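Notes follow the structure.
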Amino acid sequence: MTQKDLDGVTQYLHDHIPLTAHMGVAVVEYDEQSVRLSAPLEPNLNHRNTAFGGSLSTLGILAGWTLLHLRLQKAGIANRLVIQKSEMDFKRPAMSSLEAVCAQTDLAEWDRFKQMIVEKEKSRMTLVSEIFSEGELVAVNEGVFVS
-10 MTQKDLDGVT QYLHDHIPLT AHMGVAVVEY DEQSVRLSAP LEPNLNHRNT
40 AFGGSLSTLG ILAGWTLLHL RLQKAGIANR LVIQKSEMDF KRPAMSSLEA
90 VCAQTDLAEW DRFKQMIVEK EKSRMTLVSE IFSEGELVAV NEGVFVS
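Sequential numbering of the sequence shown, starting at -10, is according to the numbering used here.
What follows is the structure in structure tokens.
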């Protein structure tokens, strides 16, 4: 995906999920099996001058949602993708800019997910996103996405 394409996805998020604009979320990498999002610390600060837990959760959910959204879009599959369940594991405080990475490399699972949407108009997939600050893992999000 070119930088222009990544910027277009970022703008889509800002237009359709306004919180992402306030958080400063940007899509920085996408390769069909993974996505990487970034966000600066400043708009995501809490009262302790570390990243707000809600921002970390949001970034983790967004990474999973964005990965599935882009893959479904490329496959030409209309959908109503939303988060159904989200669980966070906070490892340590985040004290600088944030990155979230979500990967889905099991092609058989991806094919089942797509096929269920086509056949039943609904499907479910669990994805794990890792959130980093200063290159260190600060949180893990496990999200169940449904369409």
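Glycine included, every Cβ here is placed at the ideal spot set by N, Cα and C.
Everything numeric in this text was worked out from a predicted model, so none of it was measured.
What is the DSSP secondary structure of residue i, reduced to helix, strand or coil?
| i | result |
| --- | --- |
| G43 | helix |
| V117 | strand |
| D(-6) | helix |
| K103 | helix |
| R81 | coil |
Quick one: Cα of residue i to Cα of residue j, how far?
| i | j | result |
| --- | --- | --- |
| E110 | N68 | 8 Å |
| V(-2) | E98 | 24 Å |
| V175 | G53 | No information on residue 175 is available, as it lies outside the stretch -10 to 136 that the chain covers here. |
| D(-6) | Q62 | 13 Å |
| Q104 | S136 | 12 Å |
| G43 | A128 | 11 Å |
Compute the distance between the beta-carbons of residue i and residue j, then report whether it is under 8 Å.
| i | j | result |
| --- | --- | --- |
| V24 | L56 | yes |
| L48 | L26 | yes |
I think residue i touches residue j, with their Cβ atoms under 8 Å apart; what is that distance to the nearest whole Å?
| i | j | result |
| --- | --- | --- |
| L30 | L87 | 7 Å |
Please tell me whether, using a cut-off of 7 Å, the distance from the CB of residue i to the nearest non-hydrogen atom of the ligand FMN is below it.
| i | result |
| --- | --- |
| M105 | Judged by which ligands are present, the structure shown has none, so any question about the ligand FMN falls away. |
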